[in-house]
Amino acid sequence: MPKYSNSTQEQLVHHWLGFSVDRATSVLPQHGGVDDVTYFTITAGKVLMTLLVGEITTVIQAGANNISITHTPTAGTAAAICATEDIADYAEGDIFTIGGAIATKLLPATSAGASAAMSYQGIVLTPGTLKWGSDAAKTGNWKWSLWYVPIDDGAYVVAN
Amino acid sequence: MYDNYNESTRQMIAAFCMGMRVDTATITIPHTATTIYYHIHGGKILLTNLVGEIVVAADGANSVHIDHTPTTGSASVIAAAADIDTWLIGDIITLNGLYSDVIFPVVAAGKSSSMAYKGIVLTPGSLSWHSNGTTAGDWKWSLFYVPLDDGAYVEAIV
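If you read the protein sequences in the order shown, they are chains E and A. Numbering (the numbering used here) for the first sequence: 102 to 261. Numbering (the numbering used here) for the second sequence: 425 to 582.
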């Protein structure tokens, strides 16, 4: 297979996954489940989120820490987009994805640098926010990237 | 009309449908050993498919699985072990995407479902093949991927 230029590879990624939005490295949510942190905002219409990938950049402090990701729409009902997962044993360099079903935990189920991603075509999200929550206040940093395609004209996602 | 496309256009269409392909040479099945077939460099990728093909049949029990060993982070299996004892020349091997699932198909066949997930996210590191037998047999593999980070790419080293 030929070596494709960077611009062709970018087009290829757009074809597969849509547009990417990267969030800067940050500390884990520290609010003990009281005040979840907005990581991404969906604006001006519905999008299809095709992939969501997190990566641990600084090792997580020991101890249980259940992570949740919730979609809070501007109009409508807030809901988790995946089940909570304890990330206590995850190491620097490990990654997270989601399966696409809201009852499915963050993937992988055990710490790893490899993970199956999104068994569905994606998750439809209405305008609003994606918030990350935790039930503990542990040290550790991570970064997240989201891929999406707009469903409504003008819809887009920004990182917070 | 479909026959009118030149080879480079057909390759481009394949890349857009399956991701970029990286082939190994035809190689002997590992003999109770770990052999690295691919390196991931420069950032994360989405492995969109992995297809193996038996070129010379195995001649005895040999359980094979595939592991990802990241440069930083935790190593893990990306496909659970399956015995390829009964596999024939021309049979193919794929995977489902979930690391707890055995390589596909479960029994020898020249056809297989492949990748129920959108793919497998892999951080930089290596993909290695493991076996617990010393049987004869050759195979070749093709890996398909799209880069998730700028500059990420895959290299076959066998």
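Backbone N, C-alpha and C define an ideal beta-carbon position, used for all residues, glycine too. Quick caveat, the model's predicted, so the values are computed rather than measured.
- Got a sec: is the Cβ-Cβ distance from residue 219(E) to anything in chain A below 8 Å? Along the first sequence, one-based indexing puts residue 219(E) at 118. Residue 219(E) counts as touching chain A.
- Pull up the distance between the alpha-carbon of residue 200(E) and that of residue 128(E), whole angstroms please. Within the first sequence, numbered from 1, the residue matching residue 200(E) stands at position 99. Within the first sequence, numbered from 1, the residue matching residue 128(E) stands at position 27. The straight-line gap from Cα to Cα measures roughly 24 Å.
- chain A contacts from the segment 162-173 of chain E (Cβ-Cβ distance under 7 Å): none
- Item | Selection of the segment 539-552 of chain A by Cβ proximity to chain E, strictly under 7 Å | 540, 541, 542, 543, 544, 545, 546, 547 and 549
- Message: Let me make sure I understand the geometry here. Which of 462(A), 510(A), 489(A) and 477(A) has the alpha-carbon closest to that of residue 456(A)?
- Response: As a working mapping, residue 456(A) is identified with position 32 in the second sequence. The candidate whose alpha carbon is nearest that of residue 456(A) is 489(A).
- Query: At a Cβ threshold of 8 Å, is residue 226(E) touching chain A?
  - Reply: As a first step, residue 226(E) must be located in the first sequence, where it is residue number 125. No, residue 226(E) lies away from the interface with chain A (no Cβ there is under 8 Å from its Cβ).
- Message: Using a Cβ distance threshold of 8 Å, determine whether the segment 140-152 of chain E contacts the segment 234-253 of chain E, with at least three qualifying pairs required.
- Response: yes
- Residues near residue 571(A) in its chain [Cβ-Cβ closer than 6 Å; skip 5 each side]: Here residue 571(A) refers to the residue found at position 147 when the second sequence is read from its first residue. Once the five neighbours on either side are set aside, the close Cβ partners of residue 571(A) are 469.
- Closest Cα partner of residue 564(A) within the set 477(A), 438(A), 445(A) and 437(A): Along the second sequence, one-based indexing puts residue 564(A) at 140. Answer by Cα proximity: 477(A).
- Query: What does a CB cutoff of less than 7 Å around residue 103(E) pick up in its chain, not counting 5 residues either side in sequence?
  - Reply: Sequence index remark: in the first sequence, residue 103(E) carries index 2 (1-based). Closer than 7 Å at the Cβ level, and outside the excluded window around residue 103(E), lies no residue.
- Note down, one range per segment and in chain order, each alpha helix (DSSP H) of at least 4 residues found wholly within the segment 470-551 of chain A. none
- Answer yes or no: do residue 158(E) and residue 242(E) have a C-beta to C-beta separation smaller than 8 Å? Taking the first sequence and counting its residues from 1, one reaches residue 158(E) at position 57. Taking the first sequence and counting its residues from 1, one reaches residue 242(E) at position 141. In contact: residue 158(E) and residue 242(E) (Cβ atoms closer than 8 Å).
- Query: If you compare alpha carbons, which of 109(E), 198(E) and 213(E) is closest to residue 151(E)?
  - Reply: As a first step, residue 151(E) must be located in the first sequence, where it is residue number 50. The residue with the shortest Cα to Cα distance from residue 151(E) is 198(E).
- Quick one: is residue 102(E) near chain D, going by C-beta distance under 8 Å? Absence of chain D from the displayed structure is noted, the protein chains being E and A.
- Task: Measure from the C-beta of residue 502(A) to each C-beta in chain E and report whether the shortest distance is under 8 Å.
- Result: Numbered from its first residue, the second sequence carries residue 502(A) at position 78. Closer than 8 Å: yes.
- Integer Cβ distance of residue 475(A) from residue 562(A), believed to fall under 8 Å: Within the second sequence, numbered from 1, the residue matching residue 475(A) stands at position 51. Within the second sequence, numbered from 1, the residue matching residue 562(A) stands at position 138. With 8 Å as the limit, residue 475(A) and residue 562(A) do not qualify as a contact, their Cβ atoms being about 15 Å apart.
- Message: I want to see whether chain A comes within less than 8 Å of residue 117(E), judged by CB atoms only; does it?
- Response: What you label residue 117(E) is simply residue 16 of the first sequence in a count that begins at 1. It does; some Cβ of chain A falls within 8 Å.
- Query: How is residue 115(E) classed by DSSP in three states: helix, strand or coil?
  - Reply: For the purposes of this step, residue 115(E) is taken as the residue at position 14 of the first sequence. Correct three-state label for residue 115(E): helix.
- For the 8 Å Cβ check, are there 3 or more pairs between the segment 539-559 of chain A and the segment 506-520 of chain A? yes
- Message: Against chain E, with Cβ distances strictly below 8 Å, would residue 440(A) count as a contact?
- Response: Translated into the one-based positions of the second sequence, residue 440(A) becomes position 16. Yes, contact with chain E.
- Message: With a threshold of 8 Å between beta carbons, is residue 213(E) in contact with chain A?
- Response: The residue labelled residue 213(E) in the question sits at position 112 within the first sequence. True, the Cβ-Cβ gap to chain A drops below 8 Å.
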